[in-house]
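Right, one structure below, let's go through it.
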Amino acid sequence: MTNERMTNPDNPPGRSPTSWLRFAAPQQFYPLAGRLAPWFACTAAVLTVVGLYIGFFVAPTDFQQGEVYRVIFIHVPAAWMSMFIYLVMAFWAAVGLVMNTRLSFIMSQALAPTGAMFCFVALWTGALWGKPTWGTYWVWDARLTSQLLLLFLYFGFIALTRAIEDPRRADRAGAIIALVGAVNVPIIYFSVQWWNTLHQGASVSLTKAPSMASTMLAGMLLMSIAAWMYSIAVALWRVRALILERERHTEWVGEVLEAEGRAR
Amino acid sequence: MQWESWSAFWQMGGAGVYVWACYGLTLALIVAELVLVIRRRKDTVTRLLRWRRAVGKDVGGQGARVESVE
Amino acid sequence: MLAVSELACLKGDRLLFRGLSFSLEPGELLRVAGPNGVGKTSLLRLLAGLTQPEAGEVRWHGTPLARAREDFHRGLLYLGHAAALNDLLTPLENLRFACAAAGDEAEETACVRALERIGLAAQLDLPARVLSQGQRRRVGLARLFLSAARPLWILDEPFTALDVNAVADLAATLSAHCEAGGAVMLTTHQEAPFARAPRVLDLGGRAC
Amino acid sequence: MLTVFLAVLRRDLLLSWRGRADLLVTLAFFVIVVCLFPFGVGAETNQLRAIAPGVLWVAALLASLLSLHRLFAQDHADGTLEQLLLSSEPAVSWVAGKVVAYWLTTGLPLVVAAPGLALLFDVEQGALPVLTFSLALGTPILALLGAVGAALTLGVRGGGMLLALLILPLYVPVLIFGAGAVEAWLGGTGATAHLLLLGGGLAGALALAPWACAAALRIAME
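Residue numbers (this note's numbering), protein chains in the order written: chain A, 1 to 264; chain B, 1 to 70; chain C, 1 to 208; chain D, 1 to 222.
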C-alpha cells in the first residue's frame with residue numbers, strides 16, 4: 001500500500017511514472033476511454049435498431065397478452081442492467097478499497113447515475129405493463145419491490161458521494177455503502193420474496209412466458225446487449241470528466257485542457 | 001410483417017398508450033442523460049481552464065518543497 | 001525512531017507540502033514551525049496515522065506505518081487541537097477514559113496524582129463544561145504524566161491557553177521526556193523555556 | 001480488547017445517564033407514533049389487531065433512527081474519536097462498545113415498552129413474547145447497521161436526512177422478518193423460522209458491521 005504511494009523525488013504527486021496503479025492509470029485511461037466510448041455508443045445504436053426491428057416487426061403477437069408485451073424489450077434489459085450495474089459498482093468499490101486505486105472509485109461513481117436511470121425505467125415500464133395486464137399500476141410483487149429498494153440504494157450512494165466534499169473521503173465512503181448494499185441486495189430480494197409469498201400466495205410473474213417465441217427472446221437479448229454497450233459508453237464519458245476534475249493538478253490535464261481550449 | 005397498417009402499429013392492439021409511454025420515457029431519459037454527460041464535460045473543461053488561469057501555470061508546484069531540516 | 005521520506009500532503013484542492021523528508025531520533029525535540037495554514041496540523045495528523053499521505057511514507061523503527069500500526073500506536077501519544085473532553089464528565093472521568101481507551105492501565109490514584117500535579121486538584125469532580133480554556137487544556141496534558149512509557153509524543157499547540165508557570169512546567173516535562181530517551185514533536189507559536197533549544201522544521205520556508 | 005470495550009460501554013452509559021432526558025425522547029417518539037395510528041386508520045378493533053405488528057415494528061424502526069446521527073457526533077466534535085482511532089487496541093472493540101451502549105439506551109426501552117403498546121391494539125396475549133423476542137433480536141441489527149450509516153455521514157452536511165436515505169432500505173429485511181414473526185404466530189404457522197432468520201441476521205451484522213463501521217470512521221477522519 002505504502003509502496004504505491006512512493007514517488008520519484010522530483011515528481012510531485014500525480015506525475016510519477018513508477019506508480020502506474022495510482023497515477024498513470026487515469027492518464028492512460030483518459031485517451032483510451034475517449035477512443036473506445038464512440039464505438040460502444042455506435043454498437044449500442046445499431047443493436048437497438050436491430051433489436052427494435054425484431055421486437056416490433058418480426059416477433060409475433062403474444063396470444064395471452066396481445067401487443068402490450070412488447071414493453072418487454074426495454075423492461076427486462078433495464079431490470080437486468082440496473083442489477084448488473086450495482087454489482088459492477090460494488091466490484092469496482094472493492095477493487096478500489098483493496099488496491100487503493102483512484103480509477104476504480106471513479107468507475108463506480110460514473111456507473112451509478114446510469115444504473116439509477118435503468119432502475120427507474122424498469123419500474124416505470126413495469127407499472128405501465130402492469131396496468132393493462134393486471135389492472136393495476138403497482139402490485140407489491142417481489143420483483144417490483146426489490147427494484148424499488150434498489151433504486152433507493154442507488155439514490156443513497158449518489159447522495160452520499162455528492163454530499164461529501166473531500167473527494168478521497170467521498171470515494172471511500174461511497175465504496176463502503178456500495179459494498180454494504182451489495183451484501184444486502186440478495187438479502188433484500190430473498191426477504192421480499194418470502195414476504196410476498198406469505199402475503200399474496202402465488203404472485204404474478206412478469207417474465208414467465210412459457211411460450212416465448214425465439215424471435216422475442218432474440219429481440220430481448222439484442223436489446224440487453226445494446227443497454228450494456230450504452231452503459232459502458234456513458235460511463236466512459238462520465239469517467240473522462242471525473243478524471244479531469246480529479247487530476248487537475250497534473251501537467252497532462254493541463255495539456256489536455258489547453259488543447260481543448262484551442263479547439264474552441 | 002406483423003402490422004396491416006401504420007395506424008395499427010401505433011395503436012398496438014389497443015395498448016398503444018402504455019407501450020409508447022414506456023418507449024417514450026426511456027428515450028427521453030437516455031437523451032437527457034447523454035445531454036447531461038456532454039454538458040458536464042463542457043462545464044468541467046471551461047471551469048478547469050478558468051481555474052488554471054486563476055492559479056497560474058504551475059498548479060502542481062503550489063506546495064512548499066521542504067528540502068531539509070535545521 | 002520515526003523516519004519520513006518524500007512526504008506530500010494534499011488538503012482539498014491545495015498541495016500543502018511535498019518532498020518532505022526528515023527523521024526523529026530518541027532524545028530529540030522537534031518543533032514544526034511556519035505560518036497558519038501551512039500544514040503543521042495536517043503533518044502531525046498524518047504522522048500520527050490519522051490520515052494517509054498523498055505520496056511518500058512514514059516508517060516507525062524501519063517498518064512502514066501501515067504494517068506497524070498497532071505497535072506504533074502503543075508507542076505514541078498524540079494530543080490534538082481538541083482536548084478530547086466530554087462536557088458531561090469530570091476531568092478525572094475524562095482522564096481515566098482517555099487512558100483506558102488508549103489501552104493503558106488507568107489506576108484512579110495515578111490519574112488523581114497526575115491531575116493534582118498539573119494543578120487541577122480543586123476541579124477533580126466538577127463537570128468539564130465549567131472549566132476554563134486553560135484548565136481544559138491541562139486535563140488533556142495530564143496524560144503526559146501517565147504516558148512516560150510511550151516514547152513518541154506528538155503535541156499540537158500544547159502551550160495554547162496556558163499561563164506562564166504552566167508553560168515553564170510543561171517545557172520542563174517535555175525536556176525531561178527527551179532526557180529519558182523519548183522524542184517530542186510539537187507545534188507552537190510561542191517561545192518556551194526548553195532546557196535545550198529544539199530542532200526546527202520550517203514548513204513555511206517556501207510557501208506561497 | 002475487553003478493557004477498551006468495557007471502558008467505552010461504561011462511559012457511554014454514564015453519559016446517557018447524565019443526559020437522561022434525551023433518552024426519554026426516543027421512547028416518547030415511539031409511543032406517540034404508535035398512538036397516532038388509530039387516529040389515522042380508525043379505531044376498529046379487528047383492523048387495529050391486524051396492523052399492530054407492522055405498526056409497532058415501523059415505529060420502532062423510526063424511533064431507532066431518531067438519535068442515530070448523534071452516535072458519533074459528540075466524540076467527533078470534541079476529539080475523542082481521534083484518540084479512539086489512535087488506540088493500540090482494535091477499533092472493532094470500541095465500536096462494539098459504543099453500539100452496545102447505544103442499543104441499551106435506545107433499543108432496549110423500545111423492546112420493553114412494545115408489549116404494553118401492543119395491548120392498546122388488542123393483540124392476543126400469546127403473541128406478546130414473540131413480539132418482544134423479535135424486537136430483542138431485530139433492534140440490535142438496526143443499531144449495528146445504523147452505526148455504519150452514522151459513521152459514513154459523520155460531519156456531512158444534511159447528514160441526518162442522508163442517513164435515513166442510506167439506512168432505511170437496508171432495514172427492510174429486518175422489518176419483514178420482525179413483523180412477520182408476530183403475524184406468523186398469529187396466523188398459526190409458528191414464528192420459529194422468522195426468529196431464526198432474524199438471529200442469523202443478527203449474527204451476520206455482528207460479524208460484519210463493526211468492521212465496516214470502523215473503516216467508515218477511519219475514512220471520516222481524512
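All C-beta atoms, glycine included, are put in the ideal place defined by N, C-alpha and C.
{"Query": "Starting from the beta carbon of C:T51, find every residue of chain D whose beta carbon is closer than 9 Å, and list them in chain order.", "Result": "M221, E222"}
{"Query": "Quickly, what does DSSP pair C:Y78 with across the bridge? List them, please.", "Result": "C:I154"}
{"Query": "Taking a cut of 7 Å between CB atoms, which residues from the region 115-129 of chain C lie near chain A?", "Result": "none"}
{"Query": "Chain C beta carbons: is any one of them nearer than 8 Å to that of A:D171?", "Result": "no"}
{"Query": "Run through DSSP, which three-state label would C:T160 get?", "Result": "coil"}
{"Query": "State the Cα-Cα distance for the pair C:G119 and C:P91, rounded to the nearest angstrom.", "Result": "12 Å"}
{"Query": "Tell me the DSSP secondary structure of C:E28 in three-state form.", "Result": "coil"}
{"Query": "Considering only DSSP beta bridges, list what C:A137 is partnered with.", "Result": "One point to set straight first is that residue 137 of chain C is Arg, not Ala, in the sequence displayed. Answer is none; C:R137 lacks a bridge partner."}
{"Query": "Would you please verify whether the beta carbon of D:R70 is less than 8 Å from any beta carbon of chain C?", "Result": "no"}
{"Query": "Just checking: is the beta-carbon of D:I176 within a distance shorter than 8 Å of some beta-carbon in chain A?", "Result": "yes"}
{"Query": "For the region 7-34 of chain B, which residues have a CB atom closer than 9 Å to at least one CB atom of chain A, in sequence order?", "Result": "F9, Q11, M12, G13, G14, A15, G16, V17, Y18, V19, A21, C22, Y23, L25, T26, L29, I30, A32, E33, L34"}
{"Query": "Do three or more CB pairs link the region 183-191 of chain D to the region 85-101 of chain D at distances below 8 Å?", "Result": "no"}
{"Query": "Give me the chain C residues within the contact set of D:L2, using Cβ-Cβ distance strictly less than 9 Å, ordered along the chain.", "Result": "What D:L2 touches in chain C: nothing, since even the nearest Cβ is about 11 Å away."}
{"Query": "Do the CB positions of D:L170 and A:V180 come within less than 8 Å of each other?", "Result": "yes"}
{"Query": "Roughly how many whole angstroms lie between the Cα atoms of A:V121 and D:L86?", "Result": "47 Å"}
{"Query": "Could you compute how far the alpha carbon of B:V19 sits from the alpha carbon of B:L34?", "Result": "23 Å"}
{"Query": "Per the DSSP calculation, A:M216 is bridged to which residue(s)?", "Result": "According to DSSP, which records beta bridges pairwise, A:M216 is partnered with nothing at all."}
{"Query": "So, does the region 89-97 of chain A touch the region 127-139 of chain A, judging by three or more C-beta pairs under 8 Å?", "Result": "no"}
{"Query": "For C:K11, list the residues DSSP reports as bridge partners.", "Result": "C:R14"}
{"Query": "For A:F155, go through chain D and note every residue whose CB falls closer than 8 Å to its CB, in chain order.", "Result": "L165"}
{"Query": "Quick check: what's the CA-CA separation for C:L146 versus C:E105?", "Result": "9 Å"}
{"Query": "Does the beta-carbon distance from D:D78 to C:A82 come in below 8 Å?", "Result": "yes"}
{"Query": "Counting C-beta neighbours from all protein chains within 10 Å, is the total for A:E255 16 or more, i.e. buried, or is it exposed?", "Result": "exposed"}
{"Query": "Cβ atoms of D:E222 and A:R169: under 8 Å apart, would you say?", "Result": "yes"}
{"Query": "A:R248 by DSSP, collapsed to three states: which one?", "Result": "coil"}
{"Query": "In chain C, which residues lie with their C-beta within 7 Å of the C-beta of D:D78?", "Result": "A82, A84, L85, N86"}
{"Query": "For C:A33, which three-state DSSP category applies?", "Result": "strand"}
{"Query": "I want to verify the contact list: residues of chain D whose CB lies under 8 Å from the CB of A:D141, in sequence order.", "Result": "Per Cβ cutoff of 8 Å: no residues; A:D141 is ~15 Å from chain D at best."}
{"Query": "Compare the beta carbon distance of A:P77 and A:A227 with 8 Å and say whether it is the shorter of the two.", "Result": "yes"}
{"Query": "Could you tell me which whole alpha helix (DSSP H) segments of length 4 or greater appear in the region 42-105 of chain D?", "Result": "45-66, 73-78, 80-85, 91-102"}
{"Query": "Taking all protein chains shown into account, decide if B:G60 is buried (16 or more other Cβ within 10 angstroms of its Cβ) or exposed.", "Result": "Because the pLDDT of B:G60 is 49, which lies under 50, any placement of that residue in the model is unreliable, and the question is left without a value."}
{"Query": "Would you mind telling me which residues of chain A sit closer than 8 Å to D:L152, beta carbon to beta carbon, in chain order?", "Result": "L160, A173, I176, I177"}
{"Query": "Closer than 8 Å, Cβ to any Cβ of chain D: which residues of the region 58-69 of chain C, in chain order?", "Result": "none"}
{"Query": "Helix, strand or coil for C:V200? Go by DSSP, reduced to three states.", "Result": "strand"}
{"Query": "Could you tell me the alpha carbon to alpha carbon distance between D:A147 and A:P186, rounded to whole angstroms?", "Result": "21 Å"}
{"Query": "Report the rounded CA-to-CA distance for D:V99 versus A:T48, giving the unit in angstroms.", "Result": "51 Å"}
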